[in-house]
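Structure first, commentary second.
In our numbering, the protein residues as written are 140 to 331.
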């Protein structure tokens, strides 16, 4: 215990404080939350609402699963720790890649991988079977994909396979948060 000094002449209150613990001096960081953005198909306003919902839940890193289609969708990811793969509707890869690089977005081509809280997260759009197979067989903890416009959450040989849905041509529009440290997935509905 540490005893706080009392007032001169011994009058006043004396306060006993506990010894500081090492964990109090260096608090643990909160687990990272990754925002998963499915097929946008040029729906930049809906993408913006989806990103806002993800940020409200604490997402600081973002993965877009492809079918971006235009610069306006990429603009929503500017200034964020964001990663993009191309989908089957992203015909203009070269110009989109140049634009994304100019606004600080990391482009991974057909497939990418990042590590968050010690967990390997592979991601691809899902339309290129070789890229999808490579991601499944890589031994990643997670495989994130889009393309089907259908929610998916299942496990295959130690890899959790997730499709966060779609922001276009789906019965409901969704994005998702993933907390790799706790393996928690949360689906968020995005207003039309």
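Note that the Cβ used here is the ideal one computed from N, Cα and C, for glycine as well. Note that this is a predicted model, so its numbers are computed, not measured.
Which residues in the same chain as residue i place their Cβ atom closer than 6 Å to its Cβ, once the five residues preceding and following it in sequence are excluded?
{"i": "residue 258", "result": "280 and 319"}
{"i": "residue 171", "result": "255 and 256"}
{"i": "residue 311", "result": "328"}
{"i": "residue 245", "result": "222"}
Just mark residue i as buried or exposed, buried being the case when its beta carbon has 16 or more other beta carbons within 10 Å.
{"i": "residue 295", "result": "exposed"}
{"i": "residue 221", "result": "buried"}
{"i": "residue 92", "result": "In the structure displayed, the chain extends from 140 to 331; residue 92 sits before or after that span and is not available."}
{"i": "residue 271", "result": "buried"}
{"i": "residue 185", "result": "buried"}
{"i": "residue 241", "result": "exposed"}
{"i": "residue 192", "result": "buried"}
{"i": "residue 198", "result": "buried"}
{"i": "residue 180", "result": "buried"}
{"i": "residue 233", "result": "exposed"}
{"i": "residue 161", "result": "A caution first: residue 161 carries a pLDDT of 48, below 50, which makes its placement in the model too unreliable to give a value."}
Can you find the residues in the same chain that come closer than 7 Å, C-beta to C-beta, to residue i, ignoring five residues on each side of it along the sequence?
{"i": "residue 291", "result": "300, 301 and 302"}
{"i": "residue 275", "result": "282, 295 and 298"}
{"i": "residue 293", "result": "300"}
{"i": "residue 330", "result": "188"}
{"i": "residue 277", "result": "261"}
DSSP has residue i in a bridge; who is on the other side?
{"i": "residue 281", "result": "260 and 299"}
{"i": "residue 202", "result": "175 and 222"}
{"i": "residue 248", "result": "DSSP output for residue 248 lists no bridge partner at all."}
{"i": "residue 215", "result": "Note: residue 215 sits in no beta bridge, so no partner."}
{"i": "residue 292", "result": "301"}
{"i": "residue 208", "result": "Note: residue 208 sits in no beta bridge, so no partner."}
{"i": "residue 314", "result": "327"}
{"i": "residue 254", "result": "259"}
Quick one: what's got a C-beta closer than 8 Å to residue i's C-beta in the same chain, skipping five residues either side?
{"i": "residue 285", "result": "177, 178, 204, 205, 206, 226, 264, 265, 302, 303 and 305"}
{"i": "residue 247", "result": "222, 223, 224 and 262"}
{"i": "residue 322", "result": "299"}
Give me the Cβ distance between residue i and residue j, rounded to the nearest whole Å; I'm assuming they're in contact under 8 Å.
{"i": "residue 196", "j": "residue 325", "result": "7 Å"}
{"i": "residue 252", "j": "residue 229", "result": "That pair is no contact at about 19 Å."}
Output yes or no for whether 9 Å exceeds the beta carbon distance between residue i and residue j.
{"i": "residue 200", "j": "residue 218", "result": "no"}
{"i": "residue 212", "j": "residue 182", "result": "yes"}
{"i": "residue 298", "j": "residue 282", "result": "yes"}
{"i": "residue 250", "j": "residue 236", "result": "no"}
{"i": "residue 309", "j": "residue 288", "result": "yes"}
{"i": "residue 216", "j": "residue 239", "result": "yes"}
{"i": "residue 190", "j": "residue 260", "result": "no"}
With 9 Å as the threshold, decide whether the Cβ of residue i is near any Cβ in chain D.
{"i": "residue 246", "result": "Within the model displayed, chain D is absent; a lone protein chain is all it includes."}
Just checking residue i against the ligand COA - is the residue's beta carbon closer than 8 Å to any of the ligand's heavy atoms?
{"i": "residue 297", "result": "The ligand COA is not among the ligands present in this structure, which contains no ligands whatsoever."}
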